[in-house]
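*Asks:* Here it is, the structure, as structure tokens.
Protein chains: 2
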Amino acid sequence: MATLSDVARRAGVSPATASRVINGSSKPVTEDLRERVLRAVADLQYVPNAHAQLLARSHRTAVGVIVHDVSDPYFAEITRGLQRVATDQGRLLMICNSYRDPDRELEYVELLRGHQVAAIIMAGSGYHDATFTKRLNEKLTAYEETGGRVAVIGRHEHSGDAVMPDNRTGGWLIGTELCALGHAEIGVVAGPEVLTTTTDRLAGLRAALTEHGRSLPEHRIRYAEFDRDGGAAATAALLDAEPALTAVVALNDSMAIGALALLRSRSVPVPQQVSVTGFDDMPIARDVTPALTTVRLPLVEMGARAMALALDPGAGGPRVEVLAAEVVRRDSTGPAPDAGTARVRPTNQAGSGRRVRRAAAGRTPS
Amino acid sequence: MATLSDVARRAGVSPATASRVINGSSKPVTEDLRERVLRAVADLQYVPNAHAQLLARSHRTAVGVIVHDVSDPYFAEITRGLQRVATDQGRLLMICNSYRDPDRELEYVELLRGHQVAAIIMAGSGYHDATFTKRLNEKLTAYEETGGRVAVIGRHEHSGDAVMPDNRTGGWLIGTELCALGHAEIGVVAGPEVLTTTTDRLAGLRAALTEHGRSLPEHRIRYAEFDRDGGAAATAALLDAEPALTAVVALNDSMAIGALALLRSRSVPVPQQVSVTGFDDMPIARDVTPALTTVRLPLVEMGARAMALALDPGAGGPRVEVLAAEVVRRDSTGPAPDAGTARVRPTNQAGSGRRVRRAAAGRTPS
DNA sequence: TACCGCAAAGAAAGCCCTTTCCCGCAGGGA
DNA sequence: TCCCTGCGGGAAAGGGCTTTCTTTGCGGTA
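So the protein sequences, as listed, match chains A and B.
When you line the first sequence up against our numbering, it's residues 1202 to 1567, in that order.
When you line the second sequence up against our numbering, it's residues 1202 to 1567, in that order.
Next comes the structure, spelled out in structure tokens:
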């Protein structure tokens, strides 16, 4: 590997001058020398050693992000928002997949700290696990004490800057929607119980049902992995145990897609016999059949906001931004079969989906 | 930030000893000192500066990957394979999204070189662009000359180690499949013409049609972005110009999903009036309706093989591994409406899909 | 002619680690 | 008793770059 001194030697200048030319220092360099340096760079195919640069420069410029899995559409969208703002500000993004392993999250915090990132963003659900939460907070606090910035997305447990999707209201909205359609026998296909995302969404849903005089007993909830196969398995278990269900609420879109697949394999018509709802409004939600009624979260916006918080030290105390959820009605929901309402209901233009925008504030369930 | 000397001072030892304790050097250290160092590390929440470590250590351990977009399922699967092998060998992966921008690809090669990666893997289609290809090869060669390893996935243009999905045979298989179903009026929804992936798949398809006495004129091909919206737009244009089509071949699954959406919006029954095929067999292909008939590529395997090539210097010349494509028959294809064959054909169990495995070797189109 | 000031280039001091080399010491063999 | 060996620990030399500080050389003024 050619080094800076190689370049300097070949150009007949000092390393200092070569450095100044190469990274456009404010110090002026004669046109003659500048040219010689640039020619040497080209001749030697010189690329600066990033580690040496990062070591020599004092200011930290990269930003670290810990997500569950970038290839999961939920996090892919968030990452898109993060990336946009980071790129605008000339920051490099280091993305780490934790695959929802708490230990790996802790390791990645250390790794990012070791890489001298300017900020760490933790995206994705928190855990109901006091021990882990404590350890994580210790690490993050230690990082903040050395000047690092931290922002979280959708996590209650850290006390700093945060962007929170309104999961609870989202659950409430979808519950209200189903009650309005006359559903009383509602089952839930939930993600891991240990995730706060699961419990938040569930709490909102339960609040809505309670408001409408329905209940949500534990045996109508099945917990599984937050993915397609988890959704299919949970739906199968649920239907076997509760054949009278008229609606299945999946707590994210992947699980809902699994639910749809399972129902199709059992030839259960959706939404005529069973309605299905998702959560998140992943892009694919409009392309499955029937197109998925779901709760939309402004994922890209969430990422963008979080990065903005992370990069702006801010003045006062911790800032928390709650972003509203909204229902997107598509074709996977219909009136409850027993409700006596008309069987046929107008269907949307394929894939478009009318959005029902609602302010989160003022409609939050009690 | 606490440094190694801080730790050493607090433990009352030299930095050398502290270093040896912290990264488990082969040199033995007394239990007493070891404990003191570890306690100092814990007290100070010390994390080694990764850049300093990387600079001081000579051996390069990270591996760089350049993909179009990790959140695109095609690349997500490949990345999974890459990651698996990398993790097994204790390598860190640096993933760069080029978003199919050639200039960005070049920049990322430099970036990765600057980060002293042990190998660079370029995943994804090459370009029909001699100037770019030349510049890329120059950069890669310069990198290889300094001891770096290079492997490519699905690119003809670089002469080193390569993993090649058999796109041409895949196109041929899907063409043969449609001909067997009696389709004669076949349109193609293609990705960008500048990508070798597009032209390879197209070439195989064309070969199959020619073998069956059909032709594929240019006006039955529409080029667009390799995504859902590109697929929808291209399908719309194609149908407007060629209303008699009985089959739409999309050159990847995302485009096929766009095609399905467009056909649904026009109330064209699939496959009764028009058959649709995809390419890649992304996970979602089985969950759209009708489930997508497509060409399966062993994406995870491709990633794993590429990483293996990249990490193993190998003995002789460049190694090229061609991985076979296979047709996955699902519900989006059926007999051509005019072909006089039975309208009803057996349907697969939802989502499963019978796979037709074929060896690539020996069946390659002329 | 002597001096001053300024601009441009170079010297050198880090940045934080790893690792080689060297030293001191204790134990064992001659 | 002396020397050699082996082991644990420290000193110090990088690794490649940035940046401050210093030097050099020039034009301009007194």
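Every residue gets a Cβ at the ideal spot worked out from N, C-alpha and C, and that includes glycine.
1) What does Ile1458 (chain B) reach in chain A if we use C-beta pairs closer than 7 Å?
2) Going along the chain, which residues of its own chain have a beta-carbon closer than 6 Å to the beta-carbon of Asp1507 (chain B), five neighbours each way excluded?
3) Tell me which residues share the same chain as His1413 (chain B) and place their Cβ nearer than 6 Å to its Cβ, disregarding the 5 neighbours each side in the sequence.
4) Between A:Glu1306, A:Leu1510, A:Arg1314 and A:His1316, which lies nearest to Arg1336 (chain A) when the distance is taken from Cα to Cα?
5) Give the list of continuous beta strand (DSSP E) stretches no shorter than 3 residues that lie fully inside the region 1354-1423 of chain A.
6) In chain order, what residues of the region 1267-1292 of chain B put their CB closer than 9 Å to some CB of chain A?
7) Since I believe Pro1519 (chain B) is in contact with Asp1362 (chain B) (beta carbons under 8 Å), could you give me their beta-carbon distance rounded to a whole number of angstroms?
8) Of the residues that make up the region 1231-1250 of chain A, which ones have a beta carbon closer than 7 Å to any beta carbon in chain B?
9) In three-state terms, what does DSSP make of Arg1467 (chain B)?
10) Check Gly1225 (chain A) in the structure and name its three-state DSSP category.
11) Counting only beta-carbon separations shorter than 9 Å, does Pro1484 (chain B) have a partner in chain A?
12) For Pro1491 (chain A), does the count of other Cβ atoms within 10 angstroms reach 16, so buried, or fall short, so exposed?
13) So if I threshold CB-CB distances at 7 Å, which residues from the region 1306-1335 of chain B count as touching chain A?
14) Is the Cβ of Gly1348 (chain A) closer than 9 Å to any Cβ of chain B?
15) Taking the alpha-carbon positions, what's the Tyr1220 (chain B) to Gly1291 (chain B) distance?
16) Between A:Gly1225, A:Pro1229 and A:Leu1234, which lies nearest to Arg1210 (chain A) when the distance is taken from Cα to Cα?
17) Does chain B have any CB closer than 9 Å to the CB of Ala1219 (chain A)?
18) Under the assumption that Asn1298 (chain B) contacts His1269 (chain B) (Cβ atoms under 8 Å), give the Cβ distance between them as a whole number of angstroms.
19) Where does Glu1345 (chain B) fall in DSSP's three states?
20) So is Gly1541 (chain A) buried or exposed if we call it buried at 16+ other beta carbons inside 10 Å?
21) Mind checking if Ala1408 (chain A) is an interface residue toward chain B, Cβ cutoff 9 Å exclusive?
22) For Arg1467 (chain B), count neighbouring Cβ atoms within 10 angstroms of its own Cβ and tell me buried if that reaches 16, exposed if not.
23) Could you name the residues of chain A that Leu1256 (chain B) contacts, counting a contact when the two beta carbons are closer than 8 Å?
24) Quick one: give me the first and last residue of the beta strand (DSSP E) that Gly1265 (chain A) is part of.
25) Roughly how many angstroms separate the alpha carbons of Arg1497 (chain A) and Leu1452 (chain A), rounded to a whole number?
26) To be precise: take each residue of the region 1501-1522 of chain B, compare its Cβ to all Cβ atoms of chain A, and keep it if any distance is under 7 Å. Which residues remain?
27) Excluding the five sequence neighbours on either side, which residues of its own chain have a C-beta within less than 6 Å of the C-beta of Ala1462 (chain B), listed in chain order?
28) So, are the CB atoms of Phe1427 (chain A) and Ala1457 (chain A) less than 9 Å apart?
29) What's the call for Gly1213 (chain B), buried or exposed, on a 16-neighbour Cβ count within 10 Å?
30) Could you tell me the distance, in whole angstroms, from the CA atom of Ser1272 (chain B) to the CA atom of Lys1228 (chain B)?
31) Are any of the Cβ atoms in chain B nearer than 9 Å to that of Ala1352 (chain A)?
32) Name the chain B residues whose beta carbon is nearer than 9 Å to that of Ala1209 (chain A)?
33) Can you tell me where the beta strand (DSSP E) holding Ile1279 (chain A) begins and where it ends?
34) Starting from the Cα of Ile1387 (chain B), find the closest Cα among B:Val1395, B:Ala1442 and B:Leu1446 and give me that residue.
35) Taking 6 Å as the limit between beta carbons, can you name the residues of its chain near Ala1324 (chain B), skipping five residues before and five after?
36) Secondary structure at Glu1527 (chain B), three-state DSSP: helix, strand or coil?
*Replies:* Reading off the structure:
1) Neighbourhood of Ile1458 (chain B) in chain A, by CB distance below 7 Å: Asp1488, in chain order.
2) Reading the sequence as shown, one finds Ala at residue 1507 (chain B) and not Asp. Its chain contains Ile1322, Ala1352, Ile1354 and Val1364 as the residues whose beta carbon lies nearer than 6 Å to that of Ala1507 (chain B), once the 5 sequence neighbours on both sides are disregarded; these appear in chain order.
3) Cys1380, listed in sequence order.
4) Ranking A:Glu1306, A:Leu1510, A:Arg1314 and A:His1316 by Cα distance to Arg1336 (chain A) puts A:Glu1306 first.
5) Correct list: 1362-1366 and 1387-1391.
6) Under the 9 Å Cβ criterion, the region 1267-1292 of chain B contributes Asp1270, Val1271, Ser1272, Asp1273, Pro1274, Phe1276, Ala1277, Glu1278, Thr1280, Arg1281 and Gln1284.
7) Right, their Cβ atoms sit about 6 Å apart.
8) Within the region 1231-1250 of chain A, the residues whose Cβ lies closer than 7 Å to some Cβ of chain B are Gln1246, Val1248, Pro1249 and Asn1250, listed in chain order.
9) Collapsing the DSSP output to three states places Arg1467 (chain B) in coil.
10) Here Gly1225 (chain A) sits in coil by DSSP.
11) It does; some Cβ of chain A falls within 9 Å.
12) With 16 or more Cβ atoms within 10 Å of its Cβ, Pro1491 (chain A) is classed as buried.
13) Taking 7 Å as the cut-off between beta carbons, the residues of the region 1306-1335 of chain B near chain A are Glu1311, Arg1314, Gly1315, His1316 and Gln1317, in sequence order.
14) With respect to chain B, the C-beta atom of Gly1348 (chain A) has a partner C-beta closer than 9 Å.
15) It should be pointed out that residue 1220 (chain B) corresponds to Ser in this sequence rather than to Tyr. One C-alpha to the other measures close to 20 Å.
16) The residue with the shortest Cα to Cα distance from Arg1210 (chain A) is A:Leu1234.
17) It does not; no Cβ of chain B falls within 9 Å.
18) The Cβ separation is near 7 Å, so the contact holds.
19) In the displayed model, Glu1345 (chain B) falls within a helix according to three-state DSSP.
20) Because Gly1541 (chain A) carries a pLDDT of 46, less than 50, the predicted location of this residue cannot be relied on, and no value is offered for it.
21) Taking Cβ atoms only, chain B never reaches closer than 9 Å to Ala1408 (chain A), which makes this a no.
22) Classified as exposed, Arg1467 (chain B) has fewer than 16 neighbouring CB atoms from the shown chains inside 10 Å of its CB.
23) One finds Asn1250, His1252, Ala1253 and Leu1256 in chain A with Cβ atoms closer than 8 Å to the Cβ of Leu1256 (chain B), taken in chain order.
24) Annotation for Gly1265 (chain A): the continuous beta strand (DSSP E) segment containing it runs Val1264 to Val1268.
25) If you take the alpha carbons of Arg1497 (chain A) and Leu1452 (chain A), they lie about 12 Å apart.
26) The residues in question: there are none.
27) So the qualifying residues of the chain are Ala1433.
28) No. Outside cutoff.
29) Label assigned to Gly1213 (chain B): exposed.
30) Distance between the alpha carbons of Ser1272 (chain B) and Lys1228 (chain B) is about 44 Å.
31) False, the Cβ-Cβ gap to chain B never drops below 9 Å.
32) Per Cβ cutoff of 9 Å: no residues; Ala1209 (chain A) is ~18 Å from chain B at best.
33) Here Ile1279 (chain A) belongs to no beta strand (DSSP E); instead the alpha helix (DSSP H) covers Pro1274 to Asp1289.
34) When only C-alpha atoms are compared, the closest one is B:Leu1446.
35) Answer for Ala1324 (chain B): Val1268, Ile1279 and Ile1354, listed in chain order.
36) Reduced to three states, the DSSP call for Glu1527 (chain B) is strand.
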